[in-house]
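Structure, as structure tokens:
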Amino acid sequence: DGSELADIQNYIHSNKVEPNEELFGAAKGKNLVIISMESTQGFVINRKINGKEITPFLNNFIKESFYFDNLYHQTGQGKTSDAEFLVENSLYPLGRGAVFFTNPQNTYFATPRILAEQGYYTAAMHANNKSFWNRDLMYKSLGYNRYYHLLDYKVTQENSIGWGLKDQDFFDQSLLHIKQMPRPFYAKLITLTNHFPYILDEENQFIDEFNSSSKTLNRYFPTVRYTDEALKDFIQGLKDSGLYDDTVIVLYGDHYGISENHNEAMGQYLGKEITPFEEVQLQKVPVIIHVPGEKGKTISRASGQVDLKPTILHLLGIKSAVGLEFGNDLLSPDKQDFAVLRGGNFVTRDYIYTKDTCYSKSTGQPADPHVCKPFIEKANLELQYSDQIVYGDLLRFFGKNSKQKSQ
Ligand code: GP9
Ligand code: MN
């Protein structure tokens, strides 16, 4: 009957921080482009292979953007789709299975729906079979006007590699669609080339492979570098078509690309042993928000993908009416350091909790377990409340027609 909602609402209310006053509405009415960067982990930023940058474009782009270098992916078995769910709902994905498959018919107040209600044209773009991850169904519930999927792209043997259409061709073709969209628009683009097993043809290999016992890690660097190049060209395309100054651009890594099975090789690359303490921190994904007219700034508070929705909506001058969101505005001066990973591990300002051990962030050594206890409770409660919302379809109690406030 929805009575469990009161506790959840109290919890969310008491953890909510006010938006950044100056930046609220700083991008009001602008277009929004969100790009999901396949398997892109934070450690590649500003790092090199044989003297060459892995992400030369991103390394430059972060200088003129808000860059979050301490933000964690919070995905589970739903991988890319879990990241989409987090970013657009500010709810957690499920501990087991993919929420895109288990609960596609729920009521959601997701970013596409909210923006559509504000007069935006909303489109998801991804050159894969439309039913992969059940996207065709889920995207309707999330409020997309249109899903540009495999059949909307020209995919040939020549322009494909690995999982499908190469990112450069995907962006080129997507830009043609974007140029035709009514304004303002929200377009979400999902890249694909940097997907395990990181296959790339010679002509697109701009940097060397790494040299270790892990072929997976070795190949990872050139494919990340390839997508970086594709992103550069796409952003240039936005500039050439006059869209850049009218568009907020959000880039995020969806989840890890290199699993713990490759810790030894990863340790070789990073020059340190990958302990459980380090392994948690490898779950950071790069998040970059470019807002026309705003200067670049790096923000290092511990945070997660769950925080993106309120951050983006606030920049566009929109306050969520329903407000059942676990994230907080990353640009708010009051944002607390906190990121809970889907398995229950978490990161705070001072501690990292993993494998039932509370580590001090500054020393990397185990700390007095008592200092983590309140956060263990918070982490579990938050995941449990989010699961209750999803499993109970609790957002339906807010009515299908609940409108969002624009200020
Ligand atoms: C498939 C793409 C990759 O469409 O999103 O999926 P992943 O395996 O990373 O979830
Ligand atoms: Mn993915």
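Residue 623 is where the sequence shown ends in the UniProt record's numbering, and the numbering goes up by one at each step. Beta carbons are placed, not taken as given, at the ideal position from N, Cα and C, and that holds for glycine.
- For Val371, there is no enclosing beta strand (DSSP E), as DSSP gives it neither H nor E.
- In this structure Thr527 does not touch Asp553 by the C-beta definition: roughly 15 angstroms separates them, more than the 8 angstroms allowed.
- Between the region 470 to 482 and the region 429 to 441 there are three or more C-beta pairs closer than 8 angstroms, enough to call the two in contact.
- A Cβ-Cβ contact shorter than 9 angstroms links Tyr468 with Val303.
- Note on geometry: alpha-carbon atoms of His411 and Lys370 lie some 20 angstroms from one another.
- Just so you know, the alpha carbons of Asp298 and Asp368 end up roughly 24 angstroms apart.
- Summarising the contact set, residues whose Cβ lies nearer than 6 angstroms to any heavy atom of the ligand MN are, in chain order, Glu254, Ser255, Lys295, Thr296, Asp470, His471.
- At a cut-off of 8 angstroms, the beta-carbon of Ile406 counts as near the ligand GP9: some heavy atom of the ligand is closer than that.
- Here Thr439 is buried. Its C-beta has 16 or more other C-beta atoms within 10 Å.
- Counting along the chain, the unbroken beta strand (DSSP E) around His506 starts and ends at 503 to 506.
- Using a C-beta cut-off of 8 angstroms, the region 268 to 277 makes contact with the region 440 to 449, since at least three inter-stretch Cβ pairs fall below that distance.
- Shown here, Pro272 sits in a helix according to DSSP, grouped into three states.
- Around the CB of Val233, fewer than 16 other CB atoms lie within 10 Å, so the residue is classed as exposed.
- In the structure shown, Ser230 adopts helical secondary structure according to DSSP, grouped into three states.
- Non-local beta-carbon contacts of Glu425 in its own chain, meaning distances under 7 angstroms to residues more than five positions away in sequence, involve Asn434, Arg435, Phe437, Pro438 in chain order.
- Between the region 503 to 523 and the region 299 to 319, the count of C-beta pairs closer than 8 angstroms reaches three or more; the two stretches touch.
- The three-state reading of DSSP puts Tyr414 in coil, since its state is none of H, G, I, E or B.
- Its chain contains Tyr364 as the residues whose beta carbon lies nearer than 6 angstroms to that of His393, once the 5 sequence neighbours on both sides are disregarded; these appear in chain order.
- Ser475 sits in coil when the DSSP states are folded into three classes, being neither helix nor strand.
- For Gly469, the uninterrupted beta strand (DSSP E) segment begins and ends at 463 to 469.
- In the DSSP secondary-structure assignment, Val249 is bridged to Ala403, Ile465.
- Rounded to the nearest whole angstrom, the C-alpha separation of Ala446 and Ile278 is 16 angstroms.
- Per DSSP, reduced to three states, the secondary structure at Tyr607 is helical.
- With the rule of 3 Cβ pairs closer than 8 angstroms, the region 486 to 503 does not count as touching the region 316 to 335.
- For Val606 against Leu307, the beta-carbon gap comes to about 6 angstroms, under 8 angstroms, which counts as contact.
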